[in-house]
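Numbering (my numbering), first residue to last: 75 to 215.
Cβ coordinates follow ideal geometry from the N, Cα and C atoms, glycine included.
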Amino acid sequence: MSRKIPSRDRVRVDDLLAEARGELARLTPYQLADLQRRPDVLVVDIRPRETRVAEGEIPDAVPVERIVLEWRLDPGGPHRLPGITPETTVVLVCNEGYASSLAARDLHRLGLRHATDLIGGFRAWKDAGLPVAIGGGPAVS
């Protein structure tokens, strides 16, 4: 049974995005390139496979489809990726840095207090001239 939401309780997606970004220490492409060298940092590409095939990927990023993201990164969940703890730094990457901001906010709520995202997404990474790998590997399911 669905509950009707009074119009006064509704928000715009831009408001949700601004709220999410207010909780994050977002990274520029160059900041991510420096941070990626640390062993305790996980870069997660949430873009669909078709997009990763067409545009490429950040080297060593782990592709995790958006639809299973919370299950694979819940630090207390039985389906999490190996090594995920509340202290893991997770940087999410989408096309342009919108969906990743909302997803990173959700990861905060799951207890990943160091979750964040890439400002401008993969396209900003590529435009900055940073390394790009051939994309299209299977996503973690």
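Here's the rule: buried if 16 or more other CB atoms are within 10 angstroms of the residue's CB, otherwise exposed. What is residue i?
i, result
"Ser174", "buried"
"Val164", "buried"
"Pro234", "Given that the chain is displayed from residue 75 to residue 215, the structure contains no residue 234 and the question cannot be resolved."
"Ala128", "exposed"
"Gly171", "buried"
"Pro113", "exposed"
"Pro103", "buried"
"Arg126", "buried"
"Arg187", "exposed"
Just checking my contact of residue i with residue j at CB under 8 Å: how many whole Å lie between their CB atoms?
i, j, result
"Ala189", "Glu131", "Contact doesn't hold; Cβ gap of about 19 Å is too wide."
"Val118", "Val136", "5 Å"
Which value, in whole angstroms, describes the spacing of the CA atoms of residue i and residue j?
i, j, result
"Leu204", "Ala107", "8 Å"
"Leu91", "Leu98", "11 Å"
"Pro212", "Ile120", "12 Å"
"Val214", "Gly194", "23 Å"
"Val138", "Val85", "28 Å"
"Ala94", "Ala198", "20 Å"
"Gly96", "Asp134", "28 Å"
"Asp89", "Gly210", "33 Å"
"Cys168", "Phe196", "6 Å"
"Ala202", "Gln105", "11 Å"
Check residue i in the structure and name its three-state DSSP category.
i, result
"Thr190", "strand"
"Leu147", "helix"
"Val16", "For the chain, the structure presents residues 75 to 215; residue 16 sits outside this window and is missing."
"Val85", "coil"
"Leu91", "helix"
"Val115", "strand"
"Glu131", "strand"
"Leu106", "helix"
Assuming contact is defined by CB atoms lying nearer than 8 Å, are residue i and residue j in contact in what I supplied?
i, j, result
"Pro149", "Gly185", "yes"
"Leu116", "Thr159", "no"
"Ala177", "Leu166", "yes"
"Glu124", "Asp180", "no"
"Arg146", "Arg140", "no"
Any heavy atom of the ligand MG within a distance shorter than 7 Å of the CB on residue i?
i, result
"Gly210", "Absence of the ligand MG is noted for the structure shown, with no ligands found whatsoever."
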